[in-house]
Amino acid sequence: MLILRYLSLLAVLNGAHVYGTNYEIKVTTSQEPFAGTDARVYVNLIGVNGASTGSIKLHNSMQDFERGRTDTFYRDASPVGHLKAIKVHRDNSGFGPNWKLARITVRFSGSPLYKFYFNKWIPAYRWTTANEENECRAGLALCQHLCIDTGSGYNCACRTGFKLEGRYKCTDVDECSTGEQKCHSQTTTCKNNLRGYTCPCKRGYQPGQSAYECQDMNECMAGNRKCEGKTTNCKNNFGSYSCECKDGFELGLSPYKCNDINECIAGNHKCEEKTTSCKNNFGSYTCKCKGGYEPEPSLYKCNAKRCNISIPLGMENGHISNQSITASSYYSRYPPWLARLKSGAEESWYALPSDPNPWIQVDLDKLTWLRGVATQGKRFSFFVKTYKLAYSLDGIHWSTYKKANGEKEMVFKGNTDPYKVAKVELDNPIFTRYVRLYPKTWRDGIALKMELYGCRPA
């Protein structure tokens, strides 16, 4: 049993790799007496993204892994990006299999030097892991101020008021020369100091609560201003004041009063275009509900007026005009306006067989709640078996009716013969003006009569 276990483990350790990166792996054995090993040694490199190279065989000869010696190996293995950890494994072969590993370093083309410190005896037949060394935490970094570990090395940073010069050294930043200061240009001057700067007041100003700005007279509070109260607010500036326009107004020819903004024309309003129209007021605007809509708690949009009945909308009785019924294609004897329910066994819309995406469209003239659809075929054996519905408020931008969960487009069941009427009710009625029916499957030809059901709000 032990032999079978050993052979199985050996098969894993010698498994095939997807080669792509050449790694330089340096292994340093401890200086401690009897630290060297004759065992077979393997490593597995782990990337920061969790990918691994799989087992990599290292031993070349009996002279490898002697006490105090550093052995270098070059191995091809799969790329794993920046290294986060390394796993080491040895078997129990050879005269002296015990092994105390000091450290391993790894590099590959374009990479930094990754360091992994063990300083421990490596048990047989077990993977031992070490993480990439953090020089900041170990105190090995050369940074003058701040050390930032990168996972594969470290970077240096400087405290506020200093900048990095080279890789390790920090020098004072002259904020006054570089512009990296907050001194108010009208009331102060900037004076550079070691580790920072100060803002001494200019002549005629005195220190205030801010370290960056000095005080002067507030004309707005003193009443020494000409700002028109209806359209502007007075804003104190250092040495003067300005008149800022209130919301809904914009600057005109006079610096002391502002003109009304027509938000409706300018387009900077929140009225929902589909359900409301914008009305300009002095200094503001209001959103008025369009026909077929009624107010809701929001100031900027309206709800469609509800109606709960489902009656024929005019295909069968002719209230929907011929001009309101169009199609993607048709035979000259079977135009779309013949697609009126129960208009006769011979009558129907009949699409051309060459039409790659046939449809028939009805303009309901007004916004309408669509609640159901009925279809019928043409005599002999012409009828539509399944179809989809699309709807639009303007006849340009279309949406396809979807199932209740809103994820998949709904495919409706149509007719099973050319004579019977097949009616479907919509689980979620739609508020629309334009309706399109897209036949998806049919018998012998795309021939269809139809009626739409719903209601129009009062």
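Read left to right, the sequence shown gives residues -18 to -1, 1 to 440 (mature numbering (1 follows the signal peptide of the UniProt record, and there is no 0)). Where is the CB? At the ideal position from N, CA and C, for every residue including glycine.
Which of helix, strand or coil does DSSP assign to residue i?
| i | result |
| --- | --- |
| asparagine 339 | coil |
| aspartate 426 | coil |
| glutamine 191 | coil |
| proline 318 | helix |
| alanine 248 | helix |
| cysteine 165 | coil |
| serine 310 | coil |
| asparagine 200 | coil |
| threonine 213 | coil |
| threonine 3 | strand |
| cysteine 183 | strand |
| cysteine 225 | strand |
| serine 12 | coil |
| aspartate 158 | The residue you asked about is not aspartate; residue 158 is cysteine in the sequence shown. Residue state, collapsed to three classes: helix. |
| glutamine 358 | strand |
| phenylalanine 113 | Note on identity: in this sequence residue 113 is asparagine, with phenylalanine being the wrong assignment. Strand. |
| asparagine 263 | strand |
| asparagine 285 | strand |
| phenylalanine 175 | The question names phenylalanine, but residue 175 in the sequence shown is asparagine. Residue state, collapsed to three classes: strand. |
| asparagine 241 | strand |
| asparagine 304 | helix |
| threonine 257 | coil |
| valine 30 | coil |
| tryptophan 351 | strand |
Report all residues from its chain with a CB closer than 8 Å to the CB of residue i; omit the five preceding and five following residues, and keep chain order.
| i | result |
| --- | --- |
| glutamate 201 | Arg207, Cys216, Asn218, Ser222 and Tyr223 |
| glycine 414 | One detail in the question is off: residue 414 reads as threonine in this sequence, not glycine. The answer, listed in chain order, is Leu346, Leu349, Thr350, Leu352, Tyr373, Ser374 and Leu375. |
| glycine 274 | Ala286, Lys287, Lys348, Leu349, Phe413, Arg438 and Pro439 |
| phenylalanine 394 | Val355, Thr368, Tyr369, Lys370, Leu371 and Val406 |
| cysteine 225 | Arg207, Lys208, Cys209, Glu210, Thr214, Asn215, Cys216, Lys217, Pro237, Tyr238, Lys239 and Cys240 |
| glutamate 328 | Lys360 and Arg361 |
| leucine 124 | Cys138, Arg149 and Tyr150 |
| glycine 320 | What sits at residue 320 in the sequence shown is leucine, not glycine. The residues are Glu329, Ser330, Trp331 and Lys431. |
State buried or exposed for residue i, treating a residue as buried only when at least 16 other CB atoms are found within 10 Å of its CB.
| i | result |
| --- | --- |
| isoleucine 104 | buried |
| threonine 160 | exposed |
| histidine 71 | buried |
| alanine 440 | exposed |
| tyrosine 312 | buried |
| asparagine 250 | exposed |
| isoleucine 243 | buried |
| glutamine 343 | buried |
| leucine 95 | exposed |
| serine 192 | exposed |
| arginine 119 | Note that arginine 119 scores 49 on pLDDT, short of 50, meaning its location in the model is unreliable; the coordinates nonetheless yield the value given after this. With fewer than 16 other Cβ atoms within 10 Å, it is exposed. |
| lysine 97 | buried |
| alanine 248 | exposed |
| proline 400 | buried |
| leucine 419 | buried |
| threonine 19 | buried |
| proline 318 | buried |
Closest to residue i by C-alpha separation, out of the options, would be which residue?
| i | options | result |
| --- | --- | --- |
| threonine 169 | Thr180, Ile378 and Gly427 | Thr180 |
| alanine 21 | Gly32, Leu83, Val62 and Gly2 | Leu83 |
| histidine 379 | Thr357, Tyr416, Leu95 and Lys402 | Tyr416 |
| lysine 261 | Pro335, Gly76, Gly354 and Glu245 | Glu245 |
| phenylalanine 231 | Ala106, Gly32, Tyr267 and Phe77 | Tyr267 |
| glycine 396 | Lys384, Met432, Ser381 and Arg141 | Met432 |
| cysteine 183 | Trp319, Asn175, Gln197 and Leu176 | Gln197 |
| glutamine 358 | Cys138, Gly377, Met297 and Asn304 | Met297 |
| serine 93 | Val62, Tyr107 and Asn80 | Val62 |
| serine 60 | Ala327, Arg49, Pro79 and Phe90 | Phe90 |
| tyrosine 332 | His301, Leu408 and Arg425 | Arg425 |
| glycine 326 | Phe362, Pro335, Ile307 and Ser314 | Phe362 |
| tryptophan 109 | Cys138, Pro294 and Ser37 | Ser37 |
| proline 79 | Arg49, Tyr99, Ala106 and Cys269 | Ala106 |
| threonine 35 | Tyr5, Gly50 and Thr382 | Tyr5 |
| lysine 272 | Asn263, Tyr282 and Phe264 | Tyr282 |
| aspartate 337 | Ala309, Trp319 and Leu323 | Ala309 |
To which residues of the same chain is residue i closer than 7 Å at the C-beta, ignoring the five residues directly before and after it?
| i | result |
| --- | --- |
| valine 155 | Gly143, Phe144, Lys145 and Glu162 |
| alanine 67 | Ile28, Thr111, Ala112, Asn113 and Glu114 |
| cysteine 410 | In the sequence on display, residue 410 carries asparagine and not cysteine. Once the five neighbours on either side are set aside, the close Cβ partners of asparagine 410 are Ala386. |
| glutamate 210 | Tyr238 and Lys239 |
| threonine 153 | Phe144, Lys145 and Glu147 |
| glutamate 278 | Cys284 and Asn285 |
| asparagine 31 | Gly63 |
| proline 189 | Cys183 and Cys196 |
| tyrosine 24 | Leu(-6), Ser37, Ile38, Lys39, Leu40 and His71 |
| isoleucine 293 | Tyr435 and Cys437 |
Below 6 Å CB to CB, which residues in the same chain sit around residue i once its five sequence neighbours on both sides are set aside?
| i | result |
| --- | --- |
| glutamate 157 | Gln163 and Tyr179 |
| proline 421 | Pro340, Val366, Tyr369 and Ile428 |
| threonine 52 | Lys8 and Thr10 |
Output the residue ranges of the beta strand (DSSP E) runs that lie fully inside the region 127 to 156 and measure 3 residues or longer, sorted by chain position.
-> 128 to 131, 136 to 139, 144 to 147 and 151 to 154
Ignoring anything shorter than 3 residues or poking outside the region 382 to 434, list the beta strand (DSSP E) runs there in chain order.
-> 404 to 425
Beta strand (DSSP E) runs wholly inside the region 71 to 115, at least 3 long, in chain order = 82 to 89, 96 to 103 and 110 to 113
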